[in-house]
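**Q** Position one of the sequence shown corresponds to residue 82 (this note's numbering), numbered consecutively onward.
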Amino acid sequence: MKRLPALVLAAGCILGSTPALADLALAKAKQCMACHAVDRKLVGPSYKDVAARYAGQPGAADKLAAKILKGGAGVWGPVPMPANSQVSEAEARQLAAWVLTVR
């Protein structure tokens with residue numbers, strides 16, 4: 082088996098994490114991070130808490146994408162999540178899929 086130089090392996094790790102970083106970048110670009118953080122509650126729940134709540138639920142990505150688009154209330158407390166008109170349906174699906182992978 083051929084051994085790869087450490088720099089190549091490190092670059093592969095960085096490149097391998099690009100989709101997660103790209104989705105975090107999308108969350109930042111769409112202003113999601115104004116109310117949410119990856120690992121702590123802000124105005125809304127952390128993405129880790131959302132991922133834990135919906136883990137293993139059938140249709141969770143579709144449910145979250147709909148909430149991203151249309152908003153919601155009552156699931157995480159009294160503060161409602163507004164609809165996100167700046168987010169396309171494809172972006173909502175991408176964000177929902179990413180949120181479900183956050184650990």
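Beta carbons: idealized from backbone N, C-alpha and C, even for Gly.
Do the segment 132-146 and the segment 102-120 meet, that is, are 3 or more Cβ pairs less than 8 Å apart?
**A** These segments do not touch.
**Q** Rank 178, 104, 103 by C-alpha distance to the C-alpha of residue 145 and give the top, closest one.
**A** Counting from one through the sequence shown, the residue named residue 145 turns up at place 64. For the residues 178, 104, 103, the minimum Cα distance to residue 145 belongs to 178.
**Q** From 124, 180, 118, pick the residue whose C-alpha is nearest to that of residue 159; which is it?
**A** For this step, residue 159 is matched to residue 78 along the sequence shown. Nearest C-alpha to residue 159: 124.
**Q** I'd like the list of long-range same chain contacts for residue 121, defined as Cβ closer than 7 Å, with 5 residues on each side in sequence excluded.
**A** Reading the sequence shown from its first residue, position 40 is the one you call residue 121. Cβ within range, chain order: 127.
**Q** Determine the direct distance from the alpha carbon of residue 155 to that of residue 130, and round the result to whole angstroms.
**A** What you label residue 130 is simply residue 49 of the sequence shown in a count that begins at 1. What you label residue 155 is simply residue 74 of the sequence shown in a count that begins at 1. When rounded, the distance between both Cα atoms is 15 Å.
**Q** Out of 103, 153, 148, 162, state which residue places its alpha-carbon closest to the alpha-carbon of residue 116.
**A** Locating residue 116 in the sequence shown gives position 35, counting from the first residue. The residue with the shortest Cα to Cα distance from residue 116 is 162.
**Q** Express the C-alpha separation of residue 119 and residue 172 in angstroms, rounding to a whole number.
**A** Walking along the sequence shown from the start, residue 172 turns up at place 91. Walking along the sequence shown from the start, residue 119 turns up at place 38. Going from the Cα of residue 172 to the Cα of residue 119 covers about 18 Å.
**Q** Just to check my reading of the structure: residue 181 and residue 165 have Cβ atoms closer than 8 Å, yes? What is that Cβ distance to the nearest angstrom?
**A** Taking the sequence shown and counting its residues from 1, one reaches residue 181 at position 100. Taking the sequence shown and counting its residues from 1, one reaches residue 165 at position 84. Their Cβ separation, rounded to whole angstroms, is 17 Å, which puts residue 181 and residue 165 out of contact at 8 Å.
**Q** Relative to the C-alpha of residue 168, which residue among 184, 157, 147 is closest?
**A** Taking the first residue of the sequence shown as position 1, residue 168 is located at position 87. Among 184, 157, 147, the Cα nearest to that of residue 168 belongs to 147.
**Q** Going residue by residue through the segment 151-180, where are the continuous alpha helix (DSSP H) segments of at least 4 residues, counting only ones entirely within it?
**A** Qualifying alpha helix (DSSP H) stretches, in chain order: 170-180.
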